[in-house]
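Q: Under mature numbering (1 follows the signal peptide of the UniProt record, and there is no 0), the residues of the sequence shown are numbered -22 to -1, 1 to 107, in order.
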Amino acid sequence: MKNAVFALLALLCIAFSSCGTAHHTTLLLPAMHQPLPENAPVTVLEGPAQLPEGAQWAGEYRMQLTDVDNCDMGLLVETTKVLARMMGGNVMTIETVTPPQDGECFQIEGNFYRHNLQGASPGVASSPN
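1. Give the C-beta separation of residue 42 and residue 16 to the nearest angstrom, bearing in mind that I take them to be a contact with Cβ-Cβ under 8 Å.
2. Comparing C-alpha positions only, which one of 13, 59, 93 sits nearest to residue 72?
3. If residue 18 and residue 63 are in contact, beta carbons under 8 Å, what's the gap, nearest whole angstrom?
4. What are the partner residues of residue 28, as DSSP defines its beta bridges?
5. Kindly indicate which residue of 75, 28, 14, 65 has the alpha-carbon position closest to the one of residue 52.
6. I'd like the span of the beta strand (DSSP E) that includes residue 95, first residue to last.
Right, here's the structure in full:
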């Protein structure tokens, strides 16, 4: 399990470092899930209040663009959706948005969830805390 987590994090580092825009990413993962296809839809919600019943927590994230010249909230959300798919999530919440300041770009924090995916266990939506 530790090797799988290390391999996934190494893959994430390589994937994000090969893009033109740099990112700062922090992840908290409960377990490894099967990644979703590149074209899988990811629903973006503002906070956990809109979370669909039966959603299963798949991880916590904090993302920030480090390229101040390309500081775009849309790009940040799209980049985070890619990460959600890699973590096996098809729902992401944005719970905190930090606006650009002091030479830094937007930062968003939230959670990834799995909902209505084959193999997901039914039940009430749960969160890490």
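For every residue, glycine included, the Cβ atom is placed at its ideal position computed from N, Cα and C.
A: Reading from the atomic positions:
1. Their Cβ separation, rounded to whole angstroms, is 23 Å, which puts residue 42 and residue 16 out of contact at 8 Å.
2. 59
3. 6 Å
4. Answer is none; residue 28 lacks a bridge partner.
5. 75
6. First-last for residue 95: undefined, no H or E at that position.
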